[in-house]
Amino acid sequence: MAQATARHILVGSEDKANELKAQIEAGADFAEVAKANSTCPSRSQGGDLGSFGPGQMVREFDTVVFSAPVGVLQGPVKTQFGYHLIEVTSRQD
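Start counting the sequence shown at 1; every next residue gets the next number (full-length UniProt numbering).
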């Protein structure tokens, strides 16, 4: 069964997600940006969500995690929780 590890940053608006994405792409540390800005409890781990399989996350998030290239920042991805920036850190298919 496929497994992935990922980290994310969850914010309330697409504008905020795009602002943070620009900071990370300019060299800001993902984990530090997550700790300072994410509204998800995973912020205390720098946005790290650990390991999970298909279907364990909401559909929009799941689709990105199991299709995006490893190590490439994705988003903003809108879900019922808000807007996510997602980085797949590993995946075994």
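Where is the CB? At the ideal position from N, CA and C, for every residue including glycine. On a predicted model such as this, the values are computed, not experimentally measured, just so you know.
Buried or exposed by the 16-neighbour rule on C-beta atoms within 10 Å, applied to residue i
i, result
"Val-65", "buried"
"Ser-44", "exposed"
"Lys-82", "The amino acid at residue 82 is misidentified as Lys; the sequence shows Gly. Under this definition Gly-82 is a buried residue."
"Ala-34", "buried"
"Val-88", "buried"
"Arg-59", "exposed"
Through-space distance from residue j to residue i, alpha-carbon basis
i, j, result
"Phe-61", "Gly-75", "10 Å"
"Leu-18", "Met-1", "The sequence shown places Asn at residue 18, not Leu. In a straight line, the C-alpha of Asn-18 is about 33 Å away from that of Met-1."
"Ser-92", "Gly-53", "The identity of residue 92 in the sequence shown is Gln, whereas the question assumes Ser. Between Gln-92 and Gly-53, the C-alpha separation is close to 10 Å."
"Ala-26", "Val-70", "19 Å"
"Lys-21", "Ser-42", "18 Å"
Range covered by the alpha helix (DSSP H) that runs through residue i
i, result
"Ala-34", "30–37"
"Val-64", "59–65"
Delimiting residues of the beta strand (DSSP E) encompassing residue i
i, result
"Phe-52", "48–52"
"Gln-23", "Gln-23 -> not in any beta strand (DSSP E); alpha helix (DSSP H) instead, spanning 14–25."
"Arg-91", "82–92"
"Arg-7", "3–11"
Contact belief for residue i with residue j at Cβ below 8 Å, rounded distance in angstroms
i, j, result
"Ala-4", "Ser-67", "Wrong, their Cβ atoms sit about 10 Å apart, outside the cutoff."
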